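Asks: Numbering (this note's numbering), first residue to last: 590 to 932.
C-beta: ideal position from N, C-alpha, C; glycine also.
Note that this is a predicted model, so its numbers are computed, not measured.
My questions will all concern the structure given below.
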């Protein structure tokens, strides 16, 4: 490990986007919906005797209030002023420039989605999974919701009235509010607080969450999850490992198989019209993003919610605990698994 760390390149240049710089060079992020790890990045660069360049929308004569300055001027080497492009009302909603009441969170999310270049289609599979997964929410829960299928959990939490009784969080630093999906993922509508990503992971790493909802590419007979390594592709694991390692309840939201799966649901009854070509349940995952063995040792509750059934992690592996109406347990589940499960 030490030899690997020694080979990592030193960060010597940082290019940061902020809102304004005062005459002392202090940088604020008032019109940004997140600051990410801007301060930590600047500190790392200066520790390596590097240069920090910050782009801002404007210069201000009055020094910033100390608590509002995210980056102190002593860490800044150059400031570039670039007049910002015109921002629409939806973008301003993400920055907290005006208060958005709880009852309007969904409306603003729809407005932002309408302006997105990659609008999401109504996904029946995701809706079935998200609605069932949302049933794991409890009053006063502090929650993290991953990207993709797990995003639907927030929507069903709103429909059930639970959203107003829990606190959602996102890795980028937002606490409270409604996570935005699509291109603006990482922002929150109606956030109560937005701080640095490093501070958010202090919460995650120390078990500050009550429940998390995450996606998955593969799950094996032991309950291990691969969430970052697909066929012919490798993506960074991001905060997945941090979030799932210490959270008491972990809910994986995933389809039973992929590529061609066609399912409908009418009055609670699930009908599988066509199975997918790629099974997500495998004998052994190609890469471990989540360790089932460690989860058992930690006493975590782990569920695997699909569009047809729900599994729970036990010391022996997966246990089938719920089969949805309309689904044939043997034909649609047991016979399609490459390993045995407890029922």
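Hey, residue 624 and residue 600: beta-carbon distance below 7 Å or not?
Replies: no
Asks: Along the chain, where does the alpha helix (DSSP H) that runs through residue 741 open and close?
Replies: 740-749
Asks: Applying the criterion that 16 or more other CB atoms from any shown protein chain within 10 Å of the CB defines a buried residue, is residue 884 buried or exposed?
Replies: It counts as buried.
Asks: Taking DSSP's pairing of strands, which residues face residue 802 in a bridge?
Replies: 734, 840
Asks: Could you tell me how far apart the beta carbons of residue 609 and residue 683 are, in whole angstroms, since I believe they sit closer than 8 Å?
Replies: At roughly 18 Å, the Cβ-Cβ gap does not stay under 8 Å, so residue 609 and residue 683 are not in contact.
Asks: Would you kindly work out how many angstroms separate the C-alpha atoms of residue 707 and residue 769, rounded to a whole number?
Replies: Note that residue 707 scores 49 on pLDDT, short of 50, meaning its location in the model is unreliable and no value can be drawn from it.
Asks: Which of the three DSSP states is assigned to residue 655 in this structure?
Replies: Residue state for residue 655 is assigned as helix, using DSSP reduced to three classes.
Asks: I'd like the list of long-range same chain contacts for residue 795, defined as Cβ closer than 8 Å, with 5 residues on each side in sequence excluded.
Replies: Excluding positions up to five away in sequence, the list reads 835.
Asks: Among 830, 890, 917, 905, which one has its Cα closest to the Cα of residue 896?
Replies: 917
Asks: Here's a check: name, in chain order, each residue in its chain whose Cβ is nearer than 6 Å to the Cβ of residue 848, leaving out the five neighbours to either side.
Replies: 865, 866, 867
Asks: List the endpoints of the continuous beta strand (DSSP E) containing residue 900.
Replies: 898-903
Asks: Among 725, 642, 673, 637, whose alpha-carbon lies nearest the alpha-carbon of residue 620?
Replies: 673
Asks: Going by beta carbon distance, what residues of the same chain come within less than 6 Å of residue 851, once the five residues before and after it are set aside?
Replies: 862, 863
Asks: Cα-Cα, which of 837, 712, 905 is closest to residue 731?
Replies: 837
Asks: Report yes or no: do three or more beta-carbon pairs, one from the region 804-811 and one from the region 759-769, lie closer than 8 Å?
Replies: Output reads no: the region 759-769 does not touch the region 804-811.
Asks: Note down, in chain order, each residue of its chain lying with its Cβ closer than 8 Å to the Cβ of residue 728, except the 5 sequence neighbours on either side.
Replies: 751, 754, 755
Asks: If residue 854 and residue 738 are in contact, beta carbons under 8 Å, what's the gap, nearest whole angstrom?
Replies: The pair is not a contact, with the Cβ atoms about 15 Å apart (cut-off 8 Å).
Asks: Could you name the residues of the same chain whose beta carbon sits closer than 6 Å to that of residue 606, not counting the 5 residues immediately before and after it, in chain order?
Replies: 644
Asks: So residue 872 packs on residue 927, CB below 8 Å; how close in whole Å?
Replies: 5 Å
Asks: Going by CA-CA distance only, name the one from 604, 665, 879, 714 that's closest to residue 858.
Replies: 714
Asks: Measure the beta-carbon distance from residue 892 to residue 840 and round it to whole angstroms, keeping in mind my assumption that it falls under 8 Å.
Replies: 5 Å
Asks: For the alpha helix (DSSP H) that residue 635 lies in, which residues bound it at each end?
Replies: 627-636
Asks: Tell me the residue span of the alpha helix (DSSP H) that contains residue 835.
Replies: 829-835
Asks: Can you list, in chain order, the residues of its chain whose CB lies under 7 Å from that of residue 670, leaving out five sequence neighbours each side?
Replies: 645, 647, 648
Asks: Can you give, in chain order, each stretch of the alpha helix (DSSP H) that sits fully within the region 837-893 and has at least 4 residues?
Replies: 881-887
Asks: Using the Cβ count rule (16 or more neighbours within 10 Å means buried), how would you classify residue 734?
Replies: buried
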